[in-house]
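Residue numbers (the numbering used here): 14 to 1029.
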């Protein structure tokens, strides 16, 4: 990687654009970067790092730190551009950090995001081609091409000698951290952590398996309660050796004892079953004997009761026999009763119908009444035509009345339509004019709305313009005060500085000591040192005056930026005010006032409101016109329909008059002496109904009397055949159905009881049981209860023994499965634990107690020491050699020791014992060696430009010459080395120089080469 050109703008102490030509500096191979403290030498290196990686090294990239120069004017962007060649490709990187800039509209500042550009030079076309503007893509591309992270780049390309001096004096842990960042050995540390995690996971699995095994052992101990094995349970903790064998042995013993206990419980249960069966048989025999003896005694008692109820049973039987004979007469008795009821009903109806007949017809027979009925029906039939004529006349009268009502309604409708239609034309004209006015108002409202919004914007802009004009006057006044204050502070600082310069000789004389060389002339004799005067000031006073001036200058700059922002905002607001509604700009000098614009907005708003309100009535006006036109059409149609109905009614009325005359003649013939035909017909219908009813009742009475006589004859004959003297005697012997069923039930109950008692006394077992001694079932029940209790206890013991044996067998099987599952886990744990202890340096097999990462870093440190020794021997004239040591120091781990071998004494000692100058060139050699190793580690990316920061002031002239020879030898590999130093002797020795000059308005860089640089 070779740097060609660096451009810095508003970055760090550089307020303006600065360019560094690395091609010119690198041509000499060795160049010097110098300047006073605080001028910005390190900022040049920070700019290179920022261009490549987007950040600066160390604490300078801490949160809240800004990369923007305080000397940069407002509007100038902070920017770094780096042109370099890497991997045979010439690239240009431009970066801008996130920074504040003035807002384009309004006051204040806004934050602009960070930006990055990457371009590549095409030798064929001679032009730059853009590659990307993505931060992520550019960062990945640069890291891949350079082959180093930012930390590696800062250690390898920007060689900080102070850090390597610390590295020489650091312990193994501190060296490991630095080397780990440079060589990225995180993967080896990850291997250590992964093995440790695997060991912990395997150990946890083994412990969990042992815990499950102990849980099973505890459950087996609980299941083996009552056995001898339960008194000596398994003892042990998770992870104990031999735990699995102990659990399996104890489980086998417990299973054997459980099987023996199960066999004993089975024998006891069989004996208890036989005893319980015998007791049950004895109990059943005693209960059966007691039952038979009780049945025999009960049968004797019931037989005595039947003998006592025998007379009552005979009376019930006799009543049933007489009732059965009377049942044969019951149908005749029912017929006689029905005939008598029908005869009474017919006679009552005959008497009622006679009351409606005239006296001359009251005693007439059915034939005479029927003949009279037929004559009246013939007369009623002759009135049918007259009745229909009368109904038709009523319908015609109703129709004529309806026609009269319709005529009156149509006459009213015609008058109303004529009155409404007379006013139609003026009304339609008024509604059309209303619609037209509303439509015009809508167009006018739209036009006014287009003028109103620009007018409001101009009014708001005018108010901002006036407010900003007042703000501008106030800021100008503040700027005048700030400038006066800054000029006063500047004059005061220049005065203090000139007074100090006049007395600087006295200030230097105060530091002189007899025998020491003067810093100005080099003499060790000081015959007449200068004395301080009354107006002399010290450095603190000058620094205070400069600080006051700096604060005043910064305050003046801030006010100037604020004034520029305010004026820009005022110009923007004035342009907005002068912009007309159509987008043109009014003539300068004719700025309208806020009052004028406010009156214009108010007038436009009023006109717009009136037009908008009138335009809002457009829909209602159109609806009203449409409704009126629809009503006009409806009324014209209704008028025509009414006129048509009037003509039709006239013809209908004439036809109805002719029909009414014909009906009147026919009705006069049909009424006779009555008021109407209907009244005449109603009178005939009532007379016919009375005659029909009277004839029917006469016939019914005659037929009922005949049936009653026939029923009396059949009843007398039935009573005689049944054995009764008279029908009344048969009627008295007859009982109801409920009474008969009750008598039959009493007889049946007595007979059933008698049969049951006879059967009971005839049973052979019952009679034999009566001759035996009384039974004792309670004693037999007590014996059975005791036997049953013994059986249940034996069954419970058998079930418990079986459950215990089953549980122990199942738990033993689970324990065996768990032991087999734990076998591979234990083997895996032993293997992983051995590897984890070996890589962590805690294993006895690891004699030097080196971790895996330390082992890898030790190899890298050995390479670095070998590469550094080649340069250290030249710098030290062959005296010193750097060697790597993996010896342990006390109780600490070995692997990252670094010693120096002194060829003059032949002794090997720690690098912390080197002197200041020796430490410098040893650390320089170590840095250069580390750069070579890291370069090879990064894939062989060539580093053509290196920077070395400070440390040369501790060398004598001879050693300095040797160090410079070593650095100059780097040109053999086509490298260029930049030295960052304050040492004045280097400015006389190195012709190519980049000087950083510190000034009041920001630092600047100067490129000096050849005799010009050496003379300076």
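We put the CB at the ideal spot given by N, CA and C, even for glycine.
Check: Buried or exposed by the 16-neighbour rule on C-beta atoms within 10 Å, applied to residue 802; Outcome: exposed
Check: Under the three-state DSSP convention, the category residue 599 falls into; Outcome: Below a pLDDT of 50, predicted positions are generally treated as unreliable, and residue 599, at 49, falls in that range; no measurement from the model is reported.
Check: For residue 559, three-class secondary structure by DSSP; Outcome: helix
Check: Cβ separation of residue 16 and residue 61, assumed to be a contact under 8 Å, to the nearest whole Å; Outcome: 7 Å
Check: Runs of alpha helix (DSSP H) lying entirely within the segment 51-93, each at least 4 residues, in chain order; Outcome: 54-66
Check: Distance, residue 863 Cα to residue 223 Cα; Outcome: 33 Å
Check: DSSP three-state assignment for residue 989, whether helix, strand or coil; Outcome: strand
Check: Coarse secondary structure for residue 260, derived from DSSP in three states; Outcome: helix
Check: Simplified DSSP assignment, three categories, for residue 227; Outcome: helix
Check: Assigned exposure category for residue 729 - 16 Cβ within 10 Å defines buried; Outcome: exposed
Check: Per-residue DSSP class, three states only, for residue 904; Outcome: A caution first: residue 904 carries a pLDDT of 49, below 50, which makes its placement in the model too unreliable to give a value.
Check: Chain-order list of residues whose beta-carbon lies under 7 Å from that of residue 7 (same chain, five-residue window excluded); Outcome: The chain is shown only over 14 to 1029; residue 7 falls outside these bounds and no answer can be derived.
Check: Paired residues, beta bridge with residue 34 - DSSP; Outcome: 18
Check: Per-residue burial, residue 506 [other beta carbons within 10 Å of its own, 16 or more giving buried]; Outcome: buried
Check: Where the alpha helix (DSSP H) containing residue 329 begins and where it ends; Outcome: 323-339
Check: At least 3 beta-carbon pairs within less than 8 Å: the segment 832-846 vs the segment 313-331; Outcome: no
Check: Limits of the alpha helix (DSSP H) - the one that residue 752 falls within; Outcome: 750-775
Check: Exposure label - residue 550; buried when at least 16 CB within 10 Å; Outcome: buried
Check: Sufficient close CB pairs (3 or more, under 8 Å) joining the segment 1011-1025 to the segment 48-55; Outcome: yes
Check: Beta-carbon spacing of residue 921, residue 897 below 7 Å; Outcome: no
Check: Opening and closing residue of the alpha helix (DSSP H) in which residue 793 lies; Outcome: 790-853
Check: Alpha-carbon to alpha-carbon, residue 25 and residue 570; Outcome: 18 Å
Check: At least 3 beta-carbon pairs within less than 8 Å: the segment 471-490 vs the segment 606-623; Outcome: yes
Check: Beta-carbon proximity check, residue 206 vs residue 865, cutoff 7 Å; Outcome: no
Check: Residue 332 versus residue 787 - alpha carbon distance; Outcome: 47 Å
Check: 8 Å contact criterion, which residue 1007 and residue 58 should meet: CB distance rounded; Outcome: That belief does not hold up - the Cβ atoms of residue 1007 and residue 58 are roughly 11 Å apart, past 8 Å.
Check: Own chain partners of residue 232 with C-beta closer than 6 Å, once the 5 adjacent residues on each side are dropped; Outcome: 824
Check: Exposure of residue 621, with buried meaning 16 or more beta-carbon neighbours within 10 Å; Outcome: buried
Check: The alpha helix (DSSP H) enclosing residue 155, as first and last residue numbers; Outcome: 148-159
Check: Same chain only: Cβ atoms within 8 Å of residue 420, ignoring 5 sequence neighbours per side; Outcome: 659, 662
Check: Short Cβ contact (7 Å threshold) for residue 444 with residue 627; Outcome: no
Check: Status (buried if at least 16 other CB within 10 Å, exposed otherwise) for residue 633; Outcome: exposed
Check: Bounding residues of the alpha helix (DSSP H) (the contiguous stretch that carries residue 493); Outcome: 437-515
Check: Rounded separation between residue 113 and residue 119 - CA only; Outcome: 15 Å
Check: Cα-Cα separation between residue 770 and residue 789, rounded to whole angstroms; Outcome: 26 Å
Check: Among 143, 287, 870, 41, nearest to residue 198 - alpha-carbon criterion; Outcome: 870
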